[in-house]
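Read in the working numbering, the sequence shown has 247 at position 247, and its numbers run on one by one without any break.
Comments concern the structure below.
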Amino acid sequence: MDRPNLTVLTGAHATRILFSGKQAVGVEIERKGERQRIEAEREIVLSGGAINSPQLLQLSGVGSKQALAQHGIAQVADLPGVGQNLQDHLDVTVMVRDRSKQAIGVAPGFLPKALAGLWQYWRKREGFLSSNVAETGGFARLSPQSALPEIQFHFLPTYLRNHGRDLAPGYGATLHMCQLRPKSRGFIALKSADPLTAPAIQPNYLSHADDWDEMLRGLKLARRIFEADAFRDIHGGEVAPGAGVRSDQDLRAYIRRSAESIYHPVGSCKMGHDDMAVVDAQLRVHGLSGLRVADASIMPTVIGGNTNAPCMVIGQKCARAILSSHNLQ
Ligand SMILES: Cc1cc2nc3c(=O)[nH]c(=O)nc-3n(C[C@H](O)[C@H](O)[C@H](O)COP(=O)(O)OP(=O)(O)OC[C@H]3O[C@@H](n4cnc5c(N)ncnc54)[C@H](O)[C@@H]3O)c2cc1C
């Protein structure tokens, strides 16, 4: 923040990228209820994330002619891949009751531990409140022949329902299982030409049959892990999917009912050279000058793990590409 060549504007909503012909020349923002234009000296880097970057490109006239015409937006560049190829990690959980009551609980008996935890955290930044809750993880192959793990686990020593929004009483443990390399593809589409209206997010989870197969096998493996000897002193009965849910048909119904995003949307402005690619290997938007995209949206396929670190690498790669294309390094 001390750098003389950096200005950060908070509370600013980018509403449009401005073009002169095929050259990106500025950004329009809305701040404190007013529209302002910011001119670029050299380049614009769009980093709105996998949902906003394709939205902002489309609002600015970059996308398929048909999608833009629906909202009366004049086309600047014909890139039908903008907003397509959306991928995400879909997650499903197995939850068991913790009869040892060692878990982080929502129960009157947990109150002394909670108060002690507050004290511990306040004094030394230690104890259960210093935990990120998703304390343990793992990757698994679904068969010995698999070249790469198909499944990732996050283990939580507590119940976690509906992204943590619903409090679940009692003591429990949750094993999250997500499929790492889904084949299903969704899209981001404009709902309106108003930049303050959120776009449609259509992930099309489980639209590919292979994804169903891996989710089902991963769920069975998660169950087997909880049934292992190491959990004998803890396992006080399965809460979800529930002991009665045994057949593939019932497990599929459970997945359909309870699977949720583990927040890794990527791919909606993919890098590449085919007809659906949006940026090149230097993250420059095809067919335009002065515009790069640097965020999760440029991944052609979702990485087989958490997405934050790769996004930071994408940012670093972009910085290097800019420096080198302006002979600054
Ligand atoms: C709840 C949650 C938990 C997660 N946990 C993990 C984890 O444990 N490990 C991990 O590796 N990954 C995790 N992720 C995923 C990770 O955070 C993302 O993959 C990563 O942050 C994506 O980076 P990005 O730069 O593409 O987009 P973002 O980090 O989403 O950055 C986009 C930025 O653009 C801003 N923006 C959007 N539209 C506009 C606009 N029109 N004008 C101005 N600004 C705009 C947004 O406010 C945001 O700050 C988690 C994500 C979520 C939501």
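Where a beta carbon is used, it is the ideal one built from N, C-alpha and C, also for glycine.
Distance between beta carbons of residue j and residue i, contact taken as under 8 angstroms
| i | j | result |
| --- | --- | --- |
| residue 177 | residue 218 | 5 angstroms |
| residue 260 | residue 154 | About 12 angstroms; that fails the 8 angstroms criterion. |
| residue 15 | residue 34 | Rounded, the Cβ-Cβ distance is 11 angstroms, inconsistent with contact. |
| residue 12 | residue 44 | Contact doesn't hold; Cβ gap of about 14 angstroms is too wide. |
| residue 160 | residue 174 | 5 angstroms |
N-terminal and C-terminal residue of the beta strand (DSSP E) that residue i is part of
| i | result |
| --- | --- |
| residue 36 | 34–39 |
| residue 255 | Residue 255 -> not in any beta strand (DSSP E); alpha helix (DSSP H) instead, spanning 248–258. |
| residue 175 | 172–179 |
| residue 15 | 12–20 |
| residue 235 | 235–240 |
| residue 189 | 187–189 |
| residue 27 | 23–31 |
| residue 202 | 200–202 |
Nearest candidate by alpha-carbon position, reference residue i, set the options
| i | options | result |
| --- | --- | --- |
| residue 40 | 7, 33 and 48 | 7 |
| residue 89 | 49, 292, 128 and 303 | 303 |
| residue 200 | 190, 206 and 208 | 190 |
| residue 281 | 327, 256 and 317 | 317 |
| residue 276 | 187, 237, 106 and 234 | 187 |
| residue 46 | 295, 327, 313 and 305 | 295 |
| residue 99 | 270, 233 and 252 | 233 |
| residue 182 | 160, 312 and 205 | 205 |
| residue 101 | 248, 310, 231 and 250 | 231 |
| residue 28 | 51, 256, 37 and 125 | 37 |
| residue 192 | 110, 115, 67 and 216 | 67 |
| residue 129 | 87, 253 and 115 | 115 |
| residue 52 | 124, 237, 86 and 21 | 86 |
| residue 203 | 2, 5 and 50 | 50 |
| residue 325 | 19, 42 and 112 | 42 |
| residue 344 | 64, 311 and 306 | There is no way to answer for residue 344, as the model of the chain reaches only from 1 to 329. |
| residue 271 | 65, 81, 26 and 18 | 81 |
| residue 236 | 120, 96 and 73 | 96 |
| residue 73 | 17, 138 and 313 | 17 |
| residue 110 | 93, 137, 158 and 64 | 158 |
Residue interval of the alpha helix (DSSP H) (run including residue i)
| i | result |
| --- | --- |
| residue 226 | 209–226 |
| residue 418 | Because the chain here runs from 1 to 329, residue 418 falls outside it and cannot be looked at. |
Residue i CB to nearest heavy atom of ligand 2 below 7 angstroms
| i | result |
| --- | --- |
| residue 263 | This structure simply doesn't include ligand 2; it includes ligand 1 instead. |
message: I'd like the ranges of any beta strand (DSSP E) spanning at least 3 consecutive residues and lying wholly in the stretch 106–164.
response: 136–140 and 151–156
task: Specify whether the stretch 122–136 and the stretch 46–57 touch according to this definition: at least 3 beta carbon pairs, one from each stretch, less than 8 angstroms apart.
output: no
query: Hey, which unbroken runs of the beta strand (DSSP E) at 3 residues or more fall wholly within the stretch 46–104?
result: 90–98
Validate contact between the stretch 204–216 and the stretch 262–276 using beta carbons, cut 8 angstroms, 3 pairs: Taking one beta carbon from each stretch, the stretch 204–216 and the stretch 262–276 have fewer than 3 pairs nearer than 8 angstroms; the two do not touch.
message: Does the stretch 278–289 come into contact with the stretch 225–232, if we say contact requires no fewer than three beta-carbon pairs (one atom in each stretch) closer than 8 angstroms?
response: no
query: Using 8 angstroms as the Cβ pair cut-off and three pairs as the minimum, do the stretch 76–86 and the stretch 270–286 touch?
result: yes
task: Could you pull out every unbroken beta strand (DSSP E) segment of at least 3 residues lying fully inside the stretch 267–305, listed in chain order?
output: 291–293
message: Does the structure place the stretch 137–151 close enough to the stretch 236–247 that three or more beta carbon pairs sit under 8 angstroms?
response: no
query: Contact between the stretch 158–173 and the stretch 101–115: three or more CB pairs below 8 angstroms?
result: yes
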